[in-house]
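If you're matching them up, the sequences are chains V and F in order. The opening residue of the first sequence carries number 12 in the numbering used here; numbering runs sequentially from there. The opening residue of the second sequence carries number 12 in the numbering used here; numbering runs sequentially from there.
Number of protein chains: 2
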Amino acid sequence: MNLLEDTWKLEFHSGIPVYKQIIHHVQAAVAAGRLVDGDQLPTIRALHQQLNVNPNTVAKAYRELQHLGVLSAEHGSGCYIAPGAAEKSDGLSAREKKAKLTDLCARFAAEARSHGISFDDLVAQLKRQHPA
Amino acid sequence: MNLLEDTWKLEFHSGIPVYKQIIHHVQAAVAAGRLVDGDQLPTIRALHQQLNVNPNTVAKAYRELQHLGVLSAEHGSGCYIAPGAAEKSDGLSAREKKAKLTDLCARFAAEARSHGISFDDLVAQLKRQHPA
DNA sequence: CATAGTGTCCTATTTGACTAGAACACTTTT
DNA sequence: AAAAGTGTTCTAGTCAAATAGGACACTATG
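What follows is the structure, encoded as structure tokens:
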């Protein structure tokens, strides 16, 4: 499979950082089974050229994916999907996951508001509780 | 009641902006009934002096509180709790609300993670869905 | 009317996240 | 060995949010 042939619709003005969008694309591909253990990912320079972003931005995304355990970067060779990467997500497709995420956020925000908790407090507390 | 006598433990290194902490303190006091309609809040300069923060930081908090409808600022006179401010929050005390918030965040994060949704996606989606 | 006290506005300064560019270090291939 | 291709690292540049400092406008009090 070749990620380069996909339509990576990066949204530069969505407020979501580009490097996180890249992460999300890869995670979705892994979750959907389009990328499996050992598959080689597009080169940092290849993605940088295709997406018109800085090589370092792609590198940051790959670095974080590496830290998440979904990819293994080998210096001088390339980046490959790490063994067991698919197990780090459930079997939902990207669309299903997005729908679930939207629903989850809606319920969460509604419950918080019903308790008189402000949205900002919510995010602040979430960040504080976040393990990593 | 006198807010100045309270222990306003501002956490400067918590990642939560100071002005939001001030907002939270006032909201908690209103929710707990320690502040009622017509009560005068500490002067911007008084709070600035007590908390060792810039007057403008306090002003920003008060401005936002005013926008939230919990306080009414009268130019040249002072800031007062707006009528009906208490109705904007439920009957929980600050401590109870905080406990509820912590619990809510924990359940939320756990559910998201069980679906393979990353924490950052969570926050990004929350922000996008947030009406205001 | 003058003075002191009040909220408001305008303009930096700081801080952190994000992105960018170039040089470096390692592997593979020839 | 040499060359090309790879990930890595270092040093800025950009932008927004948060904070800071001072000047302004209004009100109450004497």
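Each residue gets a CB set at the ideal place from its N, CA and C atoms; glycine is no exception.
| field | Nearest candidate by alpha-carbon position, reference residue 63 of chain F, set F/21, F/86 and F/138 | value | F/21
| Which residues bound the beta strand (DSSP E) around residue 75 of chain V? | Note, residue 75 of chain V: premise wrong, no beta strand (DSSP E); alpha helix (DSSP H) at 66-79.
| field | Residue environment, residue 119 of chain V, which counts as buried when at least 16 other CB atoms sit within 10 Å | value | buried
| query | If you measure from the beta carbon of residue 122 of chain F to each beta carbon in chain V, is any gap under 9 Å? | reply | yes
| message | Here's the rule I'm using: 16 or more other beta-carbon atoms within 10 Å means buried, otherwise exposed. How should residue 132 of chain V be labelled? | response | buried
| task | Can you have a look at residue 24 of chain F and say buried or exposed, based on whether 16 or more other CB atoms are within 10 angstroms of its CB? | result | exposed
| message | Can you tell me whether residue 52 of chain F is helix, strand or coil according to DSSP? | response | coil
| said: Which residue marks the beginning of the beta strand (DSSP E) containing residue 33 of chain V, and which one marks its end? | reply: No beta strand (DSSP E) holds residue 33 of chain V; the alpha helix (DSSP H) holding it covers 29-42.
| said: Counting only Cβ pairs nearer than 9 Å, list the residues of chain F close to residue 82 of chain V. | reply: The premise fails here: residue 82 of chain V is roughly 14 Å from chain F at the closest Cβ pair, so nothing lies under 9 Å.
| request: Using the DSSP secondary-structure output, state which residues sit across from residue 92 of chain F in a beta bridge. | output: F/82
| How big is the Cα-Cα spacing for residue 65 of chain V and residue 92 of chain V? | 22 Å
| said: Please determine whether the Cβ atom of residue 29 of chain V lies at a distance below 8 Å from any heavy atom of the ligand COA. | reply: This structure simply doesn't include the ligand COA, nor any ligand for that matter.
| query | Apart from the five residues on each side of it in sequence, which residues of its chain come closer than 6 Å, Cβ to Cβ, to residue 28 of chain V? | reply | none
| For residue 129 of chain V versus residue 35 of chain F, is the C-beta distance shorter than 9 Å? | yes
| Which residues in the same chain as residue 58 of chain F place their Cβ atom closer than 6 Å to its Cβ, once the five residues preceding and following it in sequence are excluded? | 69
| message | With the cut-off set at 9 Å, would you say residue 97 of chain F and residue 80 of chain F are in Cβ contact? | response | no
| field | residue 158 of chain F - DSSP class collapsed to helix/strand/coil | value | The structure shown does not extend to residue 158 of chain F, since chain F is modelled only from 12 to 143, so the question has no answer here.
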